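Going by this note's numbering, the first residue of the sequence shown is number -11, and it counts up by one from there.
Glycine included, every Cβ here is placed at the ideal spot set by N, Cα and C.
Model, not experiment: these values are computed from the prediction.
Worksheet: one structure, shown below.
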Amino acid sequence: MTFRAPVSEYEFLLNNVTGYNEIAATDRFAEAPSDVVSAILNEAGKMCDEVLAPLQRNGDLTPAYLENGVLRTSPGFADGFKAIAEGGWIGMSAPEEHGGMGLPLTVATAVNEMMAGACLSLQLAPLMSQGQIEALEHHASDAIKELYLPKLISGEWSGTMNLTEPQAGSDVGALSSKAEPNGDGTYAVTGQKIYISWGDNDFCENVCHLVLARLPDGAPGTKGISLFLVPKFLPDADGNPGKANGLKVVSLEHKMGLHGSPTCVMQYDGATGWLVGKEHGGMAAMFTMMNNARLGVGGQGVGAGEGAYQHALAYALERKQGKTASGFIADHADVRRMLMEMKADLFASRAILLACAQAIDLQTATGEKDWAARAAFLTPIAKAFGTDTGIRVSETGVQVHGGMGFIEETGAAQYYRDVRVTAIYEGTNGIQSMDLVARKMMDGGETAFALIDEIEEQAERARATHPNMAESVWQACESLREATEWLVAQEDMQDRFAGSVPYLRAFARVLGGHYHLAAAMADQGGAREKLARFYITRMLPEHASLLAHAQAGAAGTFALSLDELAG
């Protein structure tokens, strides 16, 4: 499959839409100005195009498998991971004292999305390591940091996260894995975990698992859970992989997609582990990794969507069917509509990703609470809308191909199969929306209203050059403000939850209009202004029906009894 990393799109967004200069102006990231970031993106794009993209079909056609208990990865994946590691792409935003680049998370987010577009199955491996690096950086002891972080950052070792159990999916507090103190500062971890992405591989010297388990005195539920670092091989006195630990891969899940990414069932039988963070503080430590991963998974959705869009566009520009100006199906009105919607939504979701990452960077650089609140608020939107966009765009890509999209040989279906899980893992998109209208509204909507104010302020400025588009965005934003006021006023959380998914999508729709309007202002008369007009005229109006749904309350949702649902 051909793929071209969207480097120019990121350069435009960073410099003209989301305001990367604000990050570069801080002392923390002063050594990462726009020209340096551009060089980094171009270098990463070259690796994505030349090394990773050719592996996309390998992972699907020749999946990872277990051979006598040993995991074998897809052809070429070892070389692909080596290229990622040697390029320093795993530790882009990791601390420099441990071998990382210390770059803004915004840059890492862009590179991760491009890698996901090139080969999503393989990109999931470094993403897991990046999350573990951040969790250890914030919560692990100095001894663990000194030993594990350089190895994880260099790619010599890889990382995973182990939350889910057969009886405990999103309800993590129902886990049954246990950890018994060994009396020497280590713990014996026992239990089974499922859905462990890249739980093993054949190209890293060691695989380091972050495992949630309960100590003997741990209370029921999430408050009694602790986090442990459990390596595949126990480090020896010199810090090198020594004897095998008491864990193994029981089996690999047979999945709809992402066949090149081994999803493991892990068994721990008294495996030696080290406590990360405080006793019974496992969820707080793991959430550091999960929040990192949620932003990353949003990028996976956008990346897969980008790959699907490019694949569909290439087909539409070579497939002849019916009478059109060019002779190709790209000039049929409905095919052009699909291509425009795909491109417009990818732009919107990509901008939201960057806005979220930049809020995290600015909080890191300034320590200001407002940036932390902004980042927390945008995270569920970036994750849910990014993955929903990837799924929708990939599905549309199949439709652009017509009957050939349903034929596996064209590769169009792979993008849809691969990306579908992104709306499920790292917290389902329904959970993301519930988080948005509950926990993220605990400030009475203050963070939401601040963001709404900014959108309206830009719309006011845009009236001078783009009056019609500016008015549409302003009016949509007022509707969003009213819906947010209604949500905050609801004391029955079921009334919030019943409309949380359409509310999140509506907020994303309005944010998309906001960023498209900024693009139009920066590219007057250009392609991005034309794309913005398409989005604001044809796609932004969806917000009205979504907000009507969001404010309908829970009564209608529960109108049918369980028996009536089955009848």
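- Under DSSP, W262 takes part in a beta bridge, and its partners are L217.
- Between the region 283 to 300 and the region 371 to 382, the count of Cβ pairs shorter than 8 Å is three or higher; the stretches touch.
- Around the beta carbon of D483, 16 or more other beta carbons sit within 10 angstroms, so the residue counts as buried.
- For M330 and H268, the gap between their C-alpha atoms comes out near 45 Å.
- When secondary structure is reduced to three states using DSSP, F495 falls in the helix class.
- Here Y53 is exposed: its Cβ has fewer than 16 other Cβ atoms, across all protein chains shown, within 10 Å.
- DSSP lists M254 as the beta-bridge partner residues of K181.
- M326 carries a helical assignment under DSSP once its states are collapsed to helix, strand and coil.
- Going by C-alpha positions, R526 is about 28 Å away from Q346.
- Y(-2) is not bridged by DSSP to any residue.
- Taking every protein chain shown into account, the CB of T410 has 16 or more other CB atoms within 10 angstroms, so this residue is buried.
- With fewer than 16 other Cβ atoms inside 10 Å of its own Cβ, N456 counts as exposed.
- Distance from the CA of A98 to the CA of P169, rounded to the nearest whole angstrom, comes to 42 Å.
- When DSSP reads this structure, S158 sits in no beta bridge, so it has no partner.
- Excluding five sequence positions before and after C252, the CB atoms of its chain that fall closer than 7 Å to its own CB belong to I184, G187, D188, V237 and L240, given in chain order.
- Relative to the Cα of E31, the nearest Cα in the group R45, L534, M103 and D67 belongs to M103.
- Secondary structure of A347 (DSSP, three-state): helix.
- DSSP places A176 in the strand class (E or B) of the three-state scheme.
- Counting only residues of its own chain and dropping the five nearest sequence neighbours on each side, Q255 has a CB closer than 7 Å to the CB of Q180, L235, K236 and V238.
- In the DSSP secondary-structure assignment, C196 is bridged to G147 and P219.
- Just so you know, the alpha carbons of T435 and F495 end up roughly 13 Å apart.
- Rounded to whole angstroms, the separation of the alpha carbons of G90 and G143 is 16 Å.
- The DSSP-derived three-state label of Y8 is coil.
- In this structure, G161 lies away from A336, with their beta-carbon atoms at least 8 Å apart.
- The beta-carbon separation of N194 and P219, rounded to 6 Å, stays under the 8 Å limit for a contact.
- Within a 10 Å sphere around the beta-carbon of Q309 sit fewer than 16 other beta-carbons, which makes this residue exposed.
- Classified as buried, G147 has 16 or more neighbouring CB atoms from the shown chains inside 10 Å of its CB.
- Out of F365, D37 and I379, the CA that lies nearest to the CA of C107 is found in D37.
- Per the coordinates, the alpha-carbon of K139 lies some 11 Å from the alpha-carbon of P229.
- Taking all protein chains shown into account, M35 has 16 or more neighbouring C-beta atoms within 10 Å of its C-beta and is therefore buried.
- Under the 10 Å beta carbon count, G355 is surrounded by fewer than 16 other beta carbons and is classified as exposed.
- Assigned with DSSP and collapsed to three states, S488 falls in helix.
- Between K231 and L217, the gap from beta carbon to beta carbon reaches 8 Å or more.
- Distances from the alpha-carbon of D159 to those of L200, T174, C196 and A176 put L200 closest.
- Below 8 Å, too few C-beta pairs join the region 385 to 396 and the region 435 to 451 to call them touching: fewer than three.
- Judged by DSSP in its simplified three-state form, K243 adopts coil rather than helix or strand.
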